[in-house]
Each structure stands twice: as C-alpha cells, then as structure tokens.
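Below is one structure; the comments refer to it alone.
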Amino acid sequence: MLKKMLSIHPCVKRRLTSAGVLGLSMLFFLGNSSCSGGSQATGTTMQAGETVTVESSEEPADSACAYFYFLWGQSAEAEEKYDEAMEAYEKALVCDPGAVHVDQKLAVLLFNMGKKELAVVQLEKMIADDPANLQNRLLLGNIYSSMGQNDQARGVYEGILKVVPDNPQALLMLGALYASDRDFLQAQKMLERLVAVDDRSFDGYRYLAKLYRELNYYDKAVEAYEKALTLNWSPMLAYEAADLYEYRQQYDQAAAIFKRLLEEDEANAKIRGRLARLYIIQGKVDEALAELEELKNYTSDTAVVDLAIGRVLLDEKRYPEAIALFEKMLKEDENKDVARSMLALTYYESGEMEKAKRILREVPVTSKDYEESILMLAQILLGEKDNQRAATLLRNVIDGADTRRPSFYFLLANLLREEGDPEAGRQVFEQAVQAFPDNPRVFFEYGLYNDRVGRLEDAVARMEQVLAITPDDAYALNYVGYTWADKGINLEKALEYIKRAVDLKPEDGFVRDSLGWVYYKMARYQEAVKELEAAAAMQPEDPTIQEHLGDAYQKAGELQKAIEAYGRAVSLYTDEVKKAHALAEMKALQNSDKQD
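Following numbering that gives the first Met the number 0, the numbering of the sequence shown begins with 0 at its first residue and continues without gaps.
Structure below.
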C-alpha cells in the first residue's frame with residue numbers, strides 16, 4: 000500500500016532518488032502541485048520512467064513531502080499497521096530530516112512495537128542533537144516511566160527542573176512517580192509546587208485530591224476535588240468526590256453530586272442506587288423509595304430493585320406495604336425463593352407467627368433458602384417455648400438424606416444441651432460425623448460443643464480433625480494452640496500453631512491475644528506485651544485481653560500499666576467471678592505500690 004502511495008507523488012520521488020533510497024519507475028502527477036508544495040503549474044509533466052537525481056546535501060527540506068508521509072504514518076499507526084507506519088515516518092524524515100515531531104512519533108511507535116530500547120536510543124540521540132528541546136526529554140522520561148524504570152525517569156524529570164524549575168509537566172510526572180513509589184511527602188511537594196505555578200492545572204489538583212485522601216488529609220482533599228471539578232467537570236472524579244463526602248458524612252454535598260451525575264446520565268443504575276442508599280442513611284425514606292422506583296425504569300432486573308424496596312419497607316416497619324410487595328413477587332418466577340423468605344420474615348417481625356410458619360413450611364428442599372427457612376422455623380418455635388416441636392422438626396429433617404444439613408444437627412445438639420442433656424447432644428454430633436465425615440465445619444462445631452460441656456480433651460481432638468481436613472483453618476489452629484498454652488503444655492507446638500493462625504488472620508485481635516498468651520506462658524514477657532498490646536488495640540472492648548495484658552505488664556515490671564490494664568478489665572467484665580479476679584490483681588498491685 001505504501002509503495003502505491005509512493006508512485007503517485009512526484010515530489011516524493013525526487014526526494015527519495017536524491018537520497019539514494021528508492022528508484023521509482025512510474026510516477027503519476029497529482030494536479031499541478033510542485034515539489035515545494037506550491038500551487039503554481041510547472042509547465043512540464045513527468046513521464047513514466049523518468050528519473051530525477053538531486054544531491055541530498057543541497058536539497059532543501061520538503062515540508063509537503065514530509066507532511067504527506069507523516070499523515071500516512073499516522074493513518075497506518077491508527078490501524079495498528081506498525082511496520083508500515085515506521086516506514087512512512089522514516090520516509091518523512093528523508094523528506095525533512097529536521098522534522099522533530101516525526102522523530103518523536105517514531106520514538107513512540109518504536110515503544111508501541113515493543114522496541115523499547117530502540118525508542119530510548121532514538122530519544123537520546125534527539126536530545127544529544129538538540130539539548131534545549133524539553134519535549135524530547137519529557138518523552139524520554141515518560142518512556143522510562145512506562146518501562147518501570149522509575150529512577151531513570153526521575154533523573155530525566157529532575158534534569159528538566161534544573162533547566163526550567165517550574166516546568167509543569169515535569170512537576171506532574173515527578174509527583175506521580177513519587178506517589179507510585181509511596182513517597183507521599185515528595186509527591187505532595189511536587190504537586191503543590193505544580194498548582195502554585197499553574198493554579199489551573201486540572202491534573203495537578205486531581206492527583207493532589209487522591210494523594211490527600213491517601214494521607215487522610217480530608218479537608219485538603221475536598222478542596223482539591225472542588226478545585227479540579229471547577230476547572231474541568233469529570234464524572235469519574237465527581238464520583239470520587241461524592242464518595243469522600245459520604246465517608247465524611249457530608250451527605251448533602253454527596254447527594255448534590257449524585258443528582259448532577261444523574262442529570263447527565265439518568266440511566267446510571269449504580270449512581271441512582273448510591274443516591275437511594277444516601278437518602279436511607281439520612282432518614283429520607285420516601286426520597287429513597289422514589290429513587291428505587293425510578294431505577295426500575297432503567298434496569299432489566301426489576302425484581303432485585305423490588306427486593307431492595309421491600310427491605311427498606313421492612314426496616315421501616317411498614318409491614319402492610321412490604322407484605323403486599325413480597326406477595327406480588329411470589330406470583331412471579333424470578334427471585335421467588337428470596338421473596339418467600341422475606342415475606343416470612345415480614346410476618347415474623349410483624350407478629351403474625353402462624354403466617355410466618357406457613358410460608359416457611361412451603362419452602363422446597365431444592366430452594367437455596369431451604370436451610371435458612373428450617374432454622375428460622377425452629378427459632379420461631381423455640382421463641383414460642385415449644386421446644387418439643389422444634390426438636391421434632393429438626394429430627395424429621397435430619398432423618399432424610401436430601402433434607403439434612405449440618406446446621407440442623409448443631410441446633411438440635413445445643414437445644415438438648417440447654418435442656419440439661421449434654422450427652423444426648425454429643426450423640427447428635429456423632430450422627431452428624433457419620434452423615435458428613437469430610438465436612439470440617441462439623442468437627443469444628445463439635446469441638447466447640449465439647450468445650451462448652453467441659454470436655455477439653457475431646458474439643459482439642461475434634462479441632463485436630465478439622466486440621467487434618469483443612470490444615471490452614473486459622474481458628475482451629477488458634478483453638479488448639481491457645482488451649483495448650485492455657486494449660487501450659489506443648490508450648491513450642493502451641494507457638495507454631497498460633498503463629499500460623501496469625502499469618503492467616505493478622506488483623507484478628509483474638510488470634511493475636513493467643514500469640515501474646517503463649518509468649519506469656521513461655522516467660523517471654525516482652526514479646527507477650529508487644530502482641531497483647533496489638534491485640535488490645537484490635538479488640539479494645541474485650542476484658543480477657545485486657546487482663547492478659549495486665550498479667551504481661553506485671554511480669555515485665557511495668558506495674559502502673561498493669562494496674563491500668565486490670566482496671567479496664569474490671570470495667571469490661573460482666574462475669575462477676577472474672578471481674579473479682581481482675582479486681583483482686585489490681586488491688587494487690589496498688590497495695591504493693593503503696594508499701595514501696
């Protein structure tokens with residue numbers, strides 16, 4: 000295709016033959032344009048086979064020829080015909096070796112073709128030829144950045160700032176680079192310099208808003224968002240700003256943005272849903288319901304919206320409206336099971352227990368809500384003090400291979416335990432083990448049951464069965480490790496188990512407490528303090544963790560901190576025996592301190 004184009008432009012032929020690049024045998028003269036790009040007729044017509052030879056050193060730059068090839072290269076590049084585009088750009092440079100914009104396009108093309116090192120070489124040559132051209136430097140920095148070579152990119156941008164200290168593009172790119180490396184202080188400096196130099200820099204304020212939010216500088220983030228949106232309204236950025244307003248409980252400002260976004264895109268279900276949720280948070284229930292009703296005009300999944308409306312009505316105790324909606328949904332095929340469950344829940348919360356029980360009994364075993372319906376029905380019966388019927392219901396569903404579920408065994412066993420027959424409950428768990436021998440949850444719940452009835456060895460054995468099936472069950476690891484530590488046995492193995500649990504659940508304060516406690520039992524008190532302080536920070540309202548922390552402080556010699564930790568435990572405990580124990584520890588330390 001390119002050669003076909005070459006054959007129809009006489010000025011191209013002269014330029015290329017003079018450079019010794021290409022000899023053409025056929026030329027077609029386009030109109031009366033001259034090789035210099037003018038419109039004056041030359042008075043001669045080039046014939047097929049004619050050759051023109053001009054010394055390249057004397058040939059002036061032919062901008063028309065270069066522009067022709069430049070456009071052709073852009074067209075080929077847009078069609079991802081990269082080899083053809085590269086050939087065209089090279090021909091443009093033959094026509095005009097000083098065409099810097101073509102050099103730049105060629106460098107970018109090389110990068111897009113995966114020839115990154117060649118792109119860098121091309122740009123470095125251009126910079127050597129013209130050190131004052133900052134665009135070439137910026138392009139080189141951008142390519143380094145795209146290659147992940149951030150140090151080299153920073154060096155280029157910093158070099159630009161040495162020449163032009165307030166170059167906006169270099170400041171912007173440096174800010175972005177520092178932010179990507181999580182050097183937020185330097186990123187902040189660069190971006191704040193940028194907006195000081197150019198207070199109309201949309202990108203500057205946009206990136207500053209994101210950066211301030213990352214740093215929890217929320218007031219500054221809001222200001223930056225507002226400035227950026229004033230300069231250039233961007234729906235995506237506006238959505239971010241609304242999200243921040245909502246996070247800061249500035250609900251009116253968030254709602255205003257969502258409304259404007261809906262004016263521009265009324266069919267945007269996500270935004271309409273966010274606005275409805277915002278209204279619910281504000282207690283503007285009617286406005287929320289209106290938005291949800293409007294949403295049904297823009298989605299094919301109206302049943303999901305109806306469910307959301309029903310939940311709002313239920314939360315607001317508008318039971319007749321909720322019942323009417325769920326009954327209507329029951330007549331439709333879509334989301335029928337969910338509608339049935341929600342209808343039962345509505346009847347239950349409105350006090351119509353018989354209707355709730357009738358609906359729950361209608362849930363088929365094939366429904367994904369079957370298990371939940373049986374559990375809810377049993378809970379209603381238990382709430383009515385009809386334990387016998389609840390137990391009968393659970394035994395009946397356990398008897399059928401297609402109707403039994405592990406949770407039915409758990410509820411029945413605990414019901415029997417509460418009625419004073421823990422051994423009968425254990426027999427129910429044995430049945431569960433027979434029915435679900437590979438289900439780790441069965442063994443886990445069985446372990447907890449044994450713990451409740453004081454059979455700690457059996458509890459540990461069941462938890463080890465959990466680990467035989469799922470070795471990375473963090474809570475089984477934690478249970479076994481903590482139990483051993485609390486008894487002062489198998490401490491090394493306990494430490495191994497609990498460390499694995501912490502690796503799996505690093506933000507769980509109770510698991511972290513176990514790690515501190517095993518260190519305490521191993522007399523590694525400084526490590527115990529460190530982990531128990533972390534646990535207390537994660538679960539500040541747990542009295543056991545506070546008491547453990549008091550014990551560790553006491554052993555570590557930090558008596559005042561121990562007194563304070565015991566005091567917190569005393570204030571948090573509801574169990575009078577445990578409260579008395581923590582209080583005794585606190586008073587003993589206080590008396591000791593007075594004697595000293």
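Just so you know, even glycine gets a beta-carbon here, dropped at the ideal spot from N, CA and C.
Enumerate in chain order the residues of its own chain whose CB-to-CB distance from residue i is below 7 Å, with the five nearest sequence positions on each side excluded.
i, result
"glutamate 584", "Gly549, Tyr565"
"glycine 309", "Ala321, Leu324, Phe325, Met341"
"valine 576", "none"
"isoleucine 562", "Met585, Leu588, Gln589"
"glycine 203", "Leu171, Leu190, Leu193, Val194, Asp197"
"phenylalanine 409", "Glu444"
"alanine 186", "Gly174, Tyr177, Ala178, Leu210"
"alanine 579", "none"
"asparagine 438", "Pro405"
"alanine 223", "Tyr204, Leu207, Ala208, Tyr211"
"alanine 535", "Ile544, Gln545, Leu548"
Taking the beta carbon of residue i as the centre, do at least 16 other beta carbons fall within 10 Å, making it buried, or is it exposed?
i, result
"threonine 345", "buried"
"leucine 122", "buried"
"alanine 568", "buried"
"valine 396", "buried"
"glutamine 545", "buried"
"glutamate 530", "buried"
"threonine 43", "Any reading at threonine 43 must be qualified, since the residue scores a pLDDT of 33, below 50, and its modelled position is unreliable; no value is offered."
"aspartate 102", "buried"
"asparagine 166", "buried"
"serine 145", "exposed"
"methionine 235", "exposed"
"glutamate 491", "exposed"
"glycine 453", "exposed"
"glutamine 168", "buried"
Can you look up residue i in the DSSP assignment and give me helix, strand or coil?
i, result
"glycine 42", "Caution applies to glycine 42, whose pLDDT of 35 falls short of 50 and renders its modelled position unreliable; the value that the coordinates give is listed next. Coil at glycine 42, not helix or strand."
"methionine 352", "helix"
"arginine 247", "coil"
"glutamate 333", "coil"
"valine 364", "coil"
"aspartate 550", "helix"
"proline 439", "helix"
"aspartate 420", "coil"
"alanine 390", "helix"
"arginine 317", "coil"
"glutamate 292", "helix"
"glutamine 378", "helix"
"methionine 125", "helix"
"glutamine 252", "helix"
"alanine 266", "coil"
"serine 299", "coil"
"threonine 402", "coil"
"lysine 327", "helix"
"glutamate 79", "coil"
"methionine 537", "helix"
"alanine 241", "helix"
"glutamine 73", "helix"
Within the same chain, show all residues whose beta-carbon is closer than 8 Å to that of residue i, passing over the 5 residues directly before and after it, in chain order.
i, result
"leucine 261", "Asn267, Ile270, Arg271, Leu274"
"leucine 313", "Ala321, Met341, Leu344, Thr345, Glu348"
"glutamate 89", "Leu105"
"lysine 554", "Tyr519, Ala522, Tyr524, Ala527"
"aspartate 368", "Asp336, Val337, Arg339, Ser340, Val362"
"arginine 440", "Pro405"
"methionine 352", "Tyr346, Ile379, Glu383"
Can you list, in chain order, the residues of its chain whose CB lies under 6 Å from that of residue i, leaving out five sequence neighbours each side?
i, result
"alanine 302", "Glu333, Asn334"
"lysine 504", "Ala473, Val510"
"valine 517", "Ala484, Ala493, Leu494, Ile497"
"serine 591", "none"
"glutamate 526", "Tyr518"
"glutamine 538", "Gly508, Ile544"
"alanine 254", "Leu277"
"glutamate 157", "none"
Please tell me whether residue i has its Cβ less than 8 Å away from any Cβ of chain B.
i, result
"leucine 548", "Protein chain content of the structure displayed is limited to a single chain, and chain B is not contained in it."
Please specify which runs of the alpha helix (DSSP H), each continuous and at least 4 residues long, are wholly inside the region 154 to 236, giving them in chain order. 167 to 179, 183 to 196, 201 to 213, 217 to 230
Which complete beta strand (DSSP E) runs does the region 442 to 503 hold, if anything under 3 residues is left out? none
Whole alpha helix (DSSP H) elements within the region 500 to 532, 4-residue minimum: 508 to 520
In chain order, what are the residue ranges of uninterrupted alpha helix (DSSP H) at least 4 long that sit wholly in the region 562 to 591? none
Residue ranges of each alpha helix (DSSP H) run of no fewer than 4 residues wholly in the region 86 to 113, ordered along the chain? The region 86 to 113 contains, as complete alpha helix (DSSP H) runs of 4+ residues, the segments 99 to 111 (chain order).
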